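Here's the structure, in structure tokens; my notes come after.
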């Protein structure tokens, strides 16, 4: 049956307006359940109409299969038959303005040319609808077939004139609603109806989601759906349905589950192995190198070849479609490598770059774009210039075969697939090292791919090793030392099949250096610029992305005397935004807002920003180094880049810490960055994993505190039943595990699982698994301890639970009388209920009278990283029991400062803040007593040592334009000494170091309130100390400064932070008189 022809039989009778009404209903529907019901009803009506027309197709679900024309509009992003349409908002705006005769300078034209998105979910199609709703026809002429024909014309158009001609015809025939939804499909490549792919496929046919994993083609998907009877597709049949891959039909590849350490990797292997009767001592995992290239699936039939990416995008035009035509950058050479008896096959591989000068396989970070390596005329084309473009060519590293000579191999064990893979190529010569069962030394692991046809085809080498942490760690360290991307581990027991679309619990794992905490070095980079956040297409005034730079410490032969008073040169290096919480972003914006300056993108590297060197990546605003902060940035590797002045940038950067304590002069230099890049070859790996049993940790120090982990009192690892893996058990265990439901698809977000009910934990563990875990763990400092991790049910919690079990601990989901401690990362409602009435608003120190010991997540992470118990400190706790508090608080004072342990600068800063907040709580009462004592001493003619004790002085460095005048370093020093003398005389000095502008006045009032200890300055019952003086370090010269000062005094009076008459405004002359006479002199009021 021709799916498109059968579908068009109905599509010719159904108006496109009908589908648009369906989209409208789906978009405004309140919840997912109602959306599914609406779509299911529409599909049922479609099937009924197809049956009423009559058809020669006798397949049981031919009516559902005929839904193909409508499915293409519901899921336009997955319509592989249509490439990009080549029309965006700008071209469509011009077309509509011209076609409807809209005044080019009128408000409607401006709304189209410069759209302003005013509401949640508003897009260009909504603005266009409002602009043309009164200018379009009202009768419905277009059918679903007409809509698909229009999209076909746009996709096949050779130039913009053909596209505009097709759109012009559509404008004359479509209503405003039809144009809105068609524009949405063209511009966004999405229907915008609010339904995800899985929901749409589930409504179409229960078998569709499983078929979609192996059929990333809507036409083929509908063909297969037609053969499955909807009525007889029961749950049992659904479970037994194993759709298979097809030649020249793209499918979702099998992906690797992430592991954060060799321990968690081995623990995951054991979790799958203990599902069945498997002797864990005989289990082997297959280890091979993780290559840093582009994942690709290669389909071959005779001399015909087709290539698809991991996301099922076709790349055949880049590499060539025919191996005998000698056209293409890869296919002719790949065709030569196959044996003559290999007619058709499907390979899973990695596209890499081959350097013809060095005769080596290099990763994609070399700068060579392996996806677009050939131009239309067949010549090599890349962003490299001249001779350098010819130095690289694409090559392929093959690591799996899923289809061979008409037979699918997805259910074939992996070791058998590896054996068949060797025999595909004529140039292959078996080596002795392949398939070795043991590895005595990590140096024996050959990490380089085996060349089958040099420069074209390579075979991934692999080895079998026992499931032991020391074995995995040795090989991983070997790969880290040789600057490889990481390690891939594959399960070999059971069926060990190839599962398209599977990531979690499929038997494949990956381990990379950037997944393991502490292996990669972090870089301290200076923030030199920022980018405004965009919300609904409009830029806000908030900075959400930052550009960081490194200091240029190279000698350029300039005259030192000429540059003595200038800033050093900084080179733009990376753009970063990930890793910062919302509160951190708010705090950074608040602190840096007064110092941001607009960046002149048209004249870079000149004027005020001559010190900041940029290339193509230019910020919206810039900031001077002396006012900026440093970020501690973590990334996976360093890559070459022409977008930044440093000539390199970071891959996947994220901020791990804001280094406000680090002077801007101490940020990373270009020499240090170049040295790191050279020594690590861009991988940034500066440490190795510690190998259990060797007695040496990652820093080369002996660890004598390791303990042998015990099996008793330890809960079993999580288990997942999967008949596809060939590891399922029998009896009650199988029945209990069957409630887990469908397997998760390949995506980056773990699917939530229904928790298993465990009446008796000890019955879940077999003696073999228990004995094997004793060999798995290297230390047991948590042996005998029961922990409860109150964290979101994501991959992080799963990894932490695995690590706790690896160190001998027991995990429970709800705390009990034997629970050692609860671990959490924030105070949720559940945690507050567990703490009870002892919880106060001050959460900086732990509650000392709680039912449970509740510790912070940072403590557990630190203990697991060190592999030993870390004594508790007050900063590690949310709450403590009475017995724990007695022990902990005997070693710390009331501020959390240890009596014996050293303290870092960051901890000292937190401690001082805490002491200040504690002192403010008692400041009102203490100052009242002190004032009464001073009055008594005055009456007795006793000399006063603190004559300015009752003064609270707000010091302003400058107001508005008065701060434009240059302040010398000598003047700045005298000002600091003067403020120190005022404090010596007893005054409380509130120094506001930033320039006061009208926009910053509310923040200045909050600053004063915070310094005075007022939690709510607007309330009239504030009885704390009052602001008495405002000291101006620079005189008021301009009229706008005087107006600004009056406005400040008015806001201070309204906030109840000063006396009703307002604070006295004084200058430096009054301050010097007080200091010289060491008494409070009469105020010389500044005339404002």
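Residue numbers (UniProt numbering): 1 to 1088.
For glycine and all other residues, C-beta sits at the position ideal for the given N, C-alpha and C.
Because the structure is a prediction, the values reported are computed rather than measured.
Quick one: measure Cβ to Cβ for residue i and residue j, integer angstroms, because I've assumed they're closer than 8 Å.
i	j	result
residue 16	residue 147	5 Å
residue 611	residue 567	4 Å
residue 125	residue 183	5 Å
residue 575	residue 617	6 Å
residue 295	residue 253	6 Å
residue 216	residue 312	4 Å
residue 514	residue 671	Residue 514 to residue 671, Cβ: 24 Å. No contact.
residue 263	residue 856	With a Cβ gap of about 22 Å, residue 263 and residue 856 do not count as contacting.
residue 288	residue 460	5 Å
Here's a check: name, in chain order, each residue in its chain whose Cβ is nearer than 8 Å to the Cβ of residue i, leaving out the five neighbours to either side.
i	result
residue 244	214, 408 and 410
residue 247	299, 301, 344, 346 and 403
residue 225	61, 64, 65, 204, 205, 207, 208 and 211
residue 1074	947, 948, 982, 985, 1080 and 1081
I need the boundaries of the alpha helix (DSSP H) containing residue i, first residue and last residue.
i	result
residue 270	262 to 273
residue 862	857 to 866
residue 7	3 to 11
residue 17	16 to 28
residue 184	176 to 188
residue 472	469 to 481
residue 1001	1001 to 1012
Over what stretch of residues does the beta strand (DSSP E) that includes residue i continue unbroken?
i	result
residue 810	810 to 812
residue 350	344 to 355
residue 573	570 to 576
residue 308	304 to 309
residue 656	654 to 659
residue 1177	The structure shown does not extend to residue 1177, since the chain is modelled only from 1 to 1088, so the question has no answer here.
Do residue i and residue j have their CB atoms nearer than 8 Å?
i	j	result
residue 656	residue 470	no
residue 144	residue 14	yes
residue 1035	residue 1076	no
residue 956	residue 1030	yes
residue 397	residue 293	yes
residue 395	residue 457	yes
residue 597	residue 629	no
residue 421	residue 400	yes
residue 874	residue 899	no
residue 529	residue 621	yes
residue 496	residue 414	yes
residue 664	residue 625	yes
Below 6 Å CB to CB, which residues in the same chain sit around residue i once its five sequence neighbours on both sides are set aside?
i	result
residue 1058	1026, 1027 and 1052
residue 40	203
residue 326	332
residue 952	988, 1025, 1027 and 1028
residue 835	847, 850 and 879
residue 180	125 and 129
residue 378	Below a pLDDT of 50, predicted positions are generally treated as unreliable, and residue 378, at 46, falls in that range; the measurement from the model is reported next regardless. Answer for residue 378: 327, listed in chain order.
How would you label residue i, buried or exposed, when you count the other beta carbons within 10 angstroms and need 16 or more for buried?
i	result
residue 661	exposed
residue 360	exposed
residue 259	buried
residue 357	exposed
residue 484	buried
residue 114	exposed
residue 340	exposed
residue 169	exposed
residue 1069	exposed
residue 634	buried
residue 853	buried
residue 195	buried
Could you name the residues of the same chain whose beta carbon sits closer than 7 Å to that of residue i, not counting the 5 residues immediately before and after it, in chain order?
i	result
residue 921	With a pLDDT of only 45 at residue 921, under 50, the local geometry of the prediction cannot be trusted, and no value is derived from it.
residue 111	127 and 131
residue 786	810, 812, 818, 819 and 820
residue 1062	1049, 1052 and 1053
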